[in-house]
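Colleague: I am attaching a structure below and will ask some questions about it afterwards.
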Amino acid sequence: MAQPVVADWYISAVPCEKLAAVLTPDVIAADPKLASVAALRTEWMNGLMFFLRERVDVTKGHVNYVDSGWGLTSISEAQFWKRPLTTYGDGTVKDCLSAIISDWSTQGNFNGLSARQCTPPQIAAEAWAQIKAHLNDTSIVVTDQMVHSWFLDPSIIDSGTPNVRNDEPLFIQDPGSWARRPEAVTGIDNFFLAGEWIKTDQNVTTMEGANEGGRYAANGVLMASGYAGPKVKIVELFQAPWWAPFKAADKARYRAKLPHALDIVDARWPT
């Protein structure tokens, strides 16, 4: 049975769709701007980790599989870790190729199914097939023998059934979303918001954005409490000024209902 929680200040540090589900009419009446939280958009973008028996330093950063039907990206993690992966588990894993599936509705390149339609083993098999097809294009980079095991984000529930659902979808910044995103300091004196989906200078769904959102909430509590000491430091995102003209041109094209200047063909499929 739910019990009331009495405190001086309250911070919500949950995803936007979780908060929207519990905002009561009384809370929204106290701060009508919070009604827009329900209009924020989320999409499926979940992780799949392949634990490998060999080091695979594809590149020092992210790999974008441009022809992947499932919108795959990945990163080889061992190269960035100070502690060897062999110190974990049975000692045979030397790398983790951490992949993200960004498109759960488009058919796979090999099995012809969307990720939503697949069971976890089918998801792993299709994602690995797409990764191999890209990385092994000119030389052999990864092999099936390298795969020790894999791990799919457990927030994908009832995979391969009509009831498949995602308990942790990703907040995305679709056009116009900035105006719908609330500030960390709400119109309710003792209620504050933290997360990457509030208005942050990072303005993107990242750990850094979530960290910044938490800092805004902490400063809100400090100010509400009457604290006169130093506030939590906020690091502003550097905006390269040389991109400003291109952003302005893109905004003008969008308002004129024109596509992006580089959107000539659908890059997901060969012509």
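According to my numbering, the sequence shown is numbered sequentially starting from 18.
Built from N, CA and C at the ideal position, the CB exists for glycine as well.
1) In terms of alpha-carbon separation, which member of Arg198, Tyr27, Val22, Pro21 lies closest to Ala234?
2) Just to confirm my understanding: we take Ala55, look at its own chain, exclude 5 residues before and 5 after, and list those with CB closer than 8 angstroms. What are they?
3) Provide the residue(s) that pair with Leu183 in DSSP beta bridges, ordered along the chain.
4) Helix, strand or coil for Gly88 per DSSP?
5) Leaving out five residues before and five after Ile251 in sequence, what residues of the same chain have Cβ atoms less than 6 angstroms from its Cβ?
6) For Phe97, name the three-state secondary structure that DSSP assigns.
7) Skipping 5 residues on each side, what residues in its chain have a beta carbon closer than 6 angstroms to that of Arg182?
8) Taking 7 angstroms as the limit between beta carbons, can you name the residues of its chain near Thr136, skipping five residues before and five after?
9) Please state the DSSP three-state secondary structure of Val16.
10) Since Ala305 and Trp167 are thought to touch, with beta carbons under 8 angstroms apart, how far apart are those beta carbons, to the nearest angstrom?
11) Could you work out which residue in Phe67, Leu102, Phe97 is closest to Ile117 when comparing CA atoms only?
12) For Asp170, tell me which candidate among Tyr244, Leu65, Leu51, Gly226 has the shortest Cα-Cα distance.
13) What three-state label does DSSP hand Glu60 in the structure shown?
14) Let me know the secondary structure DSSP gives Trp167 once reduced to three states.
15) Compute the distance between the beta-carbons of Thr59 and Leu187, then report whether it is under 8 angstroms.
16) Under 8 angstroms by Cβ, that's how I've got Ala211 and Ala201 pegged, so tell me the actual separation to the nearest angstrom.
17) Considering only residues of the stretch 185-247, which uninterrupted beta strand (DSSP E) runs meet the minimum length of 3 residues and lie entirely inside it, listed in chain order?
18) Of the choices Val83, Trp61, Ile92, whose alpha-carbon is the least far from that of Thr76?
19) Report yes if the CB atom of Tyr82 is closer than 8 angstroms to the CB atom of Ile148, and no otherwise.
20) Rounded to a whole number of angstroms, what is the C-alpha to C-alpha distance between Ala24 and Trp61?
21) In terms of alpha-carbon separation, which member of Val31, Val22, Ile45, Leu51 lies closest to Pro199?
22) Give every residue of the same chain whose Cβ lies closer than 6 angstroms to the Cβ of Asp74, excluding the five residues on either side of it in the sequence, and list them in chain order.
23) Pull up the distance between the alpha-carbon of Asp112 and that of Glu225, whole angstroms please.
24) Quick one: what's Leu65 bridged to in DSSP?
25) Near Asp191, which residues of its chain fall below 6 angstroms by C-beta distance, leaving aside the five closest residues on each side in sequence?
26) Within the same chain, show all residues whose beta-carbon is closer than 7 angstroms to that of Asn128, passing over the 5 residues directly before and after it, in chain order.
Modeller: The answer reads as follows:
1) For the purposes of this step, residue 234 is identified with residue 217 of the sequence shown, where counting begins at 1. Nearest C-alpha to Ala234: Tyr27.
2) Along the sequence shown, one-based indexing puts residue 55 at 38. Taken in chain order, the residues that qualify are Ala37, Leu40.
3) Within the sequence shown, residue 183 is the residue found at index 166, counting from 1. Reading the sequence as shown, one finds Asn at residue 183 and not Leu. DSSP lists Ile173 as partners of Asn183.
4) Start at 1 with the first residue of the sequence shown, and residue 88 comes out as number 71. The answer is coil: DSSP assigns Gly88 none of H, G, I, E or B.
5) Taking the sequence shown and counting its residues from 1, the one referred to as residue 251 is at position 234. Counting only residues of its own chain and dropping the five nearest sequence neighbours on each side, Ile251 has a CB closer than 6 angstroms to the CB of Arg232.
6) Sequence index remark: in the sequence shown, residue 97 carries index 80 (1-based). Annotated three-state conformation of Phe97 is helix, per DSSP.
7) Position 165 of the sequence shown, counting from 1, holds the residue named residue 182. Closer than 6 angstroms at the Cβ level, and outside the excluded window around Arg182, lie Ile174.
8) As a working mapping, residue 136 is identified with position 119 in the sequence shown. Taken in chain order, the residues that qualify are Ser176, Gly177.
9) A query on residue 16 cannot be resolved here, the shown segment of the chain reaching from 18 to 288 and no further.
10) Given a span of 18 to 288 for the chain in the structure shown, any question on residue 305 remains unanswerable.
11) Within the sequence shown, numbered from 1, the residue matching residue 117 stands at position 100. Each of Phe67, Leu102, Phe97 was checked against the Cα of Ile117, and the nearest Cα belongs to Phe67.
12) On the sequence shown, residue 170 is found 153 positions in, with the first residue counted as 1. That would be Leu65, whose Cα lies nearest to the Cα of Asp170.
13) One-based indexing of the sequence shown puts residue 60 at position 43. The three-state secondary structure of Glu60, taken from DSSP, is strand.
14) Taking the sequence shown and counting its residues from 1, one reaches residue 167 at position 150. In this structure, Trp167 counts as strand in the three-state DSSP scheme.
15) Indexing the sequence shown from 1 puts residue 59 at position 42. Indexing the sequence shown from 1 puts residue 187 at position 170. Yes. Within cutoff.
16) Within the sequence shown, the letter at position 194 stands for residue 211. Within the sequence shown, the letter at position 184 stands for residue 201. Taking C-beta atoms under 8 angstroms as the contact rule, Ala211 and Ala201 qualify, at a distance of about 6 angstroms.
17) With a minimum length of 3 residues, the continuous beta strand (DSSP E) runs that stay inside the stretch 185-247 are 208-210.
18) To locate residue 76, count along the sequence shown from 1; it is residue 59. Of Val83, Trp61, Ile92, the residue nearest in Cα terms is Ile92.
19) Indexing the sequence shown from 1 puts residue 82 at position 65. Indexing the sequence shown from 1 puts residue 148 at position 131. Cβ atoms of Tyr82 and Ile148: closer than 8 angstroms.
20) The count along the sequence shown starts at 1 and reaches residue 24 at position 7. The count along the sequence shown starts at 1 and reaches residue 61 at position 44. Cα to Cα, Ala24 sits roughly 35 angstroms from Trp61.
21) Working through the sequence shown from its first residue, we reach residue 199 at position 182. Answer by Cα proximity: Leu51.
22) The count along the sequence shown starts at 1 and reaches residue 74 at position 57. Cβ within range, chain order: Ser93, Gln96.
23) Looking up residue 112 in the sequence shown gives position 95. Looking up residue 225 in the sequence shown gives position 208. Each residue's Cα considered, the two are about 24 angstroms apart.
24) The count along the sequence shown starts at 1 and reaches residue 65 at position 48. DSSP lists Ala116, Leu169 as the bridge partner or partners of Leu65.
25) The sequence position of residue 191 within the sequence shown is 174, counting from 1. Non-local beta-carbon contacts of Asp191 in its own chain, meaning distances under 6 angstroms to residues more than five positions away in sequence, involve Arg58 in chain order.
26) On the sequence shown, residue 128 is found 111 positions in, with the first residue counted as 1. Correct list, in chain order: Gln139, Glu143.
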